[in-house]
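Okay, so here's the structure we're looking at.
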Amino acid sequence: MSGDVSLAADVTFPDAKGYGDRKAVLVIRQSLDDDSKGAMIGEHEVGMIHLAWLPDSGASMKDAQFRFGGTLAGVKAKRIGIEKHGDSIAIFISLEGEPMHQLSPPVALHFDEPFYVGVGFCSHLPATSDTAVLSNVVLQNSAGKVQ
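When the sequence shown is numbered by our numbering, its final residue is 241 and no position is left out of the sequence of numbers.
Now the structure itself:
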């Protein structure tokens, strides 16, 4: 893709007997290489939201983790989103179906065009088969459109 991009999806984990360290992800990457520059928002089954980015090939991964506490303890985001606007990457959530809102300050990350946008699933237990469902996926070739 090229230009500004918004990607959002509803996330569910259908197996209630699964484990907490699995996550559904929305990704923007420079290439399909293993160590490609890129950014992703992940929602873990336990509800933690994870922003991770690799500023350059061969660099160390940087990340920010967001957990809900207090009256929101145990709440999981219904919908997650990621947006590339110029050289900024921002993440968005909707807890209960309300309009998406930005969760954290954007991170600076430049992508040459074209770049890749996609969805995925990650497990920290590679021998365990599991599933996440990403539905109502909306990809827009513009910023300010995370829905």
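Where is the CB? At the ideal position from N, CA and C, for every residue including glycine.
Option nearest residue 216 by Cα separation, candidates 186, 198 and 139: Of the listed residues, the one whose Cα sits closest to residue 216 is 139.
Under the three-state DSSP convention, the category residue 106 falls into: Residue state, collapsed to three classes: strand.
Whole-angstrom C-beta distance between residue 175 and residue 186, which should lie under 8 angstroms: About 4 angstroms separates the two Cβ atoms, so the contact holds.
Classification of residue 132 by the beta-carbon crowding that lies within 10 angstroms, buried from 16 upward: Residue 132 should be labelled buried.
Stretch-stretch touch, CB-based, cutoff 8 angstroms, three pairs: the segment 104–122 with the segment 203–219: Between the segment 104–122 and the segment 203–219, the count of C-beta pairs closer than 8 angstroms reaches three or more; the two stretches touch.
Sub-9 angstroms separation of residue 211 and residue 99 beta-carbons: Yes, these two residues count as a Cβ contact at 9 angstroms.
Same chain, Cβ closer than 6 angstroms to residue 233, neighbours up to 5 away in sequence not counted: Cβ contact annotation for residue 233 (same chain, cutoff 6 angstroms, sequence separation greater than five): 101, in chain order.
Environment of residue 134 [buried if 16+ CB atoms lie within 10 Å]: Result: buried.
Beta strand (DSSP E) segment containing residue 236, residue limits: Per DSSP, residue 236 belongs to no beta strand (DSSP E) and is neither H nor E.
Presumed contact (8 angstroms Cβ cut-off) between residue 183 and residue 143, rounded CB distance: With a Cβ gap of about 14 angstroms, residue 183 and residue 143 do not count as contacting.
C-beta contact flag for residue 205 and residue 181 at 9 angstroms: Cβ atoms of residue 205 and residue 181: closer than 9 angstroms.
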